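Trainee: Quick note on our numbering: the sequence shown kicks off at 286 and runs consecutively.
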Amino acid sequence: MKKILIIGALGQIGSELTPEFNKRYGSSNVIVADAADDKRGVVTDNVFEKIDVTDIHAIENAIKRHNIDTVINLAAILSAKGEQNPDLAWRINIDGLLNVLRVSVKYKLDRVMIPSSIAVFGPQSVLYNAPQETNLKPNTMYGITKVTGEMLADYYHRNFGIDFRGIRYPGIISHKTPPGGGTTDYAVEIFYEALKHKKYTCFLSGEACLPMMYMPDCIRGTIELLEADRSKLLHHGNYNLGAMSFTPDVLATEIRKHIPEFTITYQPDFRREIARYWPASIDDSAARAEWGWQPQWDLPAMVEDMLKEIAKKL
Ligand code: NAD
Ligand code: AKB
Numbered sequence: 286m287k288k289i290l291i292i293g294a295l296g297q298i299g300s301e302l303t304p305e306f307n308k309r310y311g312s313s314n315v316i317v318a319d320a321a322d323d324k325r326g327v328v329t330d331n332v333f334e335k336i337d338v339t340d341i342h343a344i345e346n347a348i349k350r351h352n353i354d355t356v357i358n359l360a361a362i363l364s365a366k367g368e369q370n371p372d373l374a375w376r377i378n379i380d381g382l383l384n385v386l387r388v389s390v391k392y393k394l395d396r397v398m399i400p401s402s403i404a405v406f407g408p409q410s411v412l413y414n415a416p417q418e419t420n421l422k423p424n425t426m427y428g429i430t431k432v433t434g435e436m437l438a439d440y441y442h443r444n445f446g447i448d449f450r451g452i453r454y455p456g457i458i459s460h461k462t463p464p465g466g467g468t469t470d471y472a473v474e475i476f477y478e479a480l481k482h483k484k485y486t487c488f489l490s491g492e493a494c495l496p497m498m499y500m501p502d503c504i505r506g507t508i509e510l511l512e513a514d515r516s517k518l519l520h521h522g523n524y525n526l527g528a529m530s531f532t533p534d535v536l537a538t539e540i541r542k543h544i545p546e547f548t549i550t551y552q553p554d555f556r557r558e559i560a561r562y563w564p565a566s567i568d569d570s571a572a573r574a575e576w577g578w579q580p581q582w583d584l585p586a587m588v589e590d591m592l593k594e595i596a597k598k599l
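1. Can you determine whether any heavy atom of ligand 1 sits closer than 7 Å to the C-beta of Ala-572, and answer yes or no?
2. Does any heavy atom of ligand 1 sit closer than 7 Å to the C-beta of Pro-464?
3. Among Ala-537, Thr-430 and Met-426, which residue has its Cα nearest to the Cα of Leu-489?
4. With respect to the alpha helix (DSSP H) encompassing Leu-302, which residues constitute its N-terminal and C-terminal limits?
5. Which residues in the same chain as Trp-375 place their Cβ atom closer than 7 Å to its Cβ, once the five residues preceding and following it in sequence are excluded?
6. For ligand 1, is there any heavy atom lying closer than 7 Å to the beta carbon of Pro-371?
7. So what does DSSP say about Ala-318, is it helix, strand or coil?
8. Leaving aside the five residues before and after Leu-592 along the sequence, list all residues of the same chain whose C-beta is less than 8 Å from its C-beta, in chain order.
9. Which of helix, strand or coil does DSSP assign to Thr-329?
10. Quick one: is the Cβ of Ser-530 within less than 7 Å of any heavy atom of ligand 1?
11. Identify every residue that forms a DSSP beta bridge with Ile-452.
12. Please report the residue range of the alpha helix (DSSP H) in which Pro-371 lies.
13. Would you mind reading off the limits of the beta strand (DSSP E) that contains Val-411?
14. Can you round the beta-carbon distance between Leu-386 and Leu-421 to whole angstroms, since I take them to be within the 8 Å contact cut?
15. Under 8 Å between the Cβ atoms of Gly-467 and Met-398?
16. Between which residues of its own chain and Gly-381 is the CB-CB distance below 6 Å, once the five residues before and five after are set aside?
17. If you draw a straight line from the C-alpha of Ser-288 to the C-alpha of Asn-314, how long is it?
18. Taking 8 Å as the cut-off, does the stretch 362–370 touch the stretch 317–325 (at least 3 CB pairs, one atom from each stretch)?
19. Near Tyr-471, what residues of its chain come up, given a Cβ to Cβ distance below 7 Å and the 5 sequence neighbours on each side ignored?
20. Are the beta-carbon atoms belonging to Val-332 and Ile-316 less than 8 Å from one another?
21. Grouping DSSP H, G and I as helix and E and B as strand, with all else coil, what is Val-356?
22. In whole angstroms, what is the alpha-carbon distance linking Ala-565 and Ile-403?
23. In whole angstroms, what separates the C-alpha of Tyr-310 from that of Tyr-413?
24. With a threshold of 7 Å (Cβ to nearest heavy atom), would Val-356 be considered close to ligand 1?
25. Answer yes or no: the CB of Ser-566 versus the heavy atoms of ligand 2, is any distance below 7 Å?
26. Opposite Tyr-551 in the DSSP bridges: which residues?
Right under this line is the structure:
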C-alpha cells in the first residue's frame, strides 16, 4: 500500500477518509478522484483527478500516471437515489466496480477496497442480529448491486488472487459532508433541523430500527480492515460492522435531552419500504474475531458530538 487512489472521494465517507489517509500515508501518496468537481473545497493537499468510474481508460490512466497500487472505490448511487434511477445505480455500482476489478488484475494491484452495505439484506434475511452469512435477496436495486458486488469481489479474489476488502457499512452519521441520497440520511438531517427549527418531519416511521455508525468509527474500521493481516481474513468484501441501532423515536428522545423543545412528526414516503427489509441490528462477530473490530461511539456520545459540531457550523 504505497500509492492509493480514492475514487468517489468527494462524498460523505471519502471527504473524511482522505484527511485520515493523508495523516497516515502522506498526502503525496493519496490521489483523490471523483466525477464531480470539488466545489466544496474538500481536497486541499492532494492531487485531484476528475474520473468517472464507468470510464475504464480514465482509471487506467490515473493508475499508470501515479503508479497506484491500492484503489478505494467509493463511487456509488445510494439506496433512495437508486430506486429513482435503477439503471444509473447498476451502471455506476456494477459497471464501475467491474472496471476497478479489471484494472486490479491488469496492473496487479496490491489491495482493493469497495464498500458494501446493510442494503444486501432483504425480506428473506434474518433481520435481528443479522448474521454474516444469511439469505441475501434484497428488493432494492441498490441492494442488488451490493450483493452482486460482493459476489464479483469473491470471484475475482478466487480466480485472480485480488486482495479485495469491503465492509457492509450501516447508516453513517456525520457532520462534515451531507449524505448522498440514502434511506438512513434522516439520521443526519434531523440534527440540522433540531438546531435550526427545533422540529423535524421524518420520512421513515418512528419505529424503523436500523443499524447506524458515527463517522469516526467508520473511518477507523475502514483503515483497520485495510491494514489487517491478509492471512487472518476469512472473509473479503462483506464484513458486517455494528456500532449502534436506534429508531427515529429513540433518536428524537436522545436529542430532546439537549433540546427539550424538539419535536418530531412522521410523513413516511417510499424510503419506509426500503428500511422495512433492512436489519434492525447486525452480528459483526466475524469482524471482531478476524481483525479486532470494536466500536467506540454509542448513541448518547454521538448525539452530543453531532449537536456540538453542527452548532459550530450553523
Ligand atoms: P456519497 O454519495 O456521499 O459519495 C459518492 C461519491 O461518488 C460522490 O462524491 C459522487 O460525486 C461520486 N460519484 C458518483 N458517481 C460517480 C462516478 N460515475 N464516477 C466517479 N465518482 C462518482 O456516498 P458515500 O456515503 O460516501 O458512500 C461511499 C460508499 O460507501 C458507497 O459505496 C456506499 O454505497 C457505501 N455506503 C455508504 C453508507 C453511508 O451511510 N454513507 C452506508 C453503507 C454503504
Ligand atoms: C443508504 O441509506 O442508502 C446508505 C446505506 C445504509 O447503504 N446509507
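All C-beta atoms, glycine included, are put in the ideal place defined by N, C-alpha and C. Treat the numbers as computed from the prediction; the structure is a model and nothing was measured.
Mentor: Reading from the atomic positions:
1. no
2. yes
3. Ala-537
4. 299–310
5. Met-426 and Thr-430
6. no
7. strand
8. Phe-476, Ala-479, Leu-480, Ile-540, His-543 and Ile-544
9. coil
10. no
11. Tyr-524
12. 371–375
13. Unbroken run through Val-411: none, as it is neither H nor E.
14. The pair is not a contact, with the Cβ atoms about 20 Å apart (cut-off 8 Å).
15. no
16. Val-338, Thr-339 and Ala-360
17. Sequence check: residue 288 is Lys here, not Ser. About 5 Å.
18. no
19. Cys-487, Phe-488, Leu-489 and Pro-533
20. yes
21. strand
22. 10 Å
23. 38 Å
24. no
25. no
26. Cys-487
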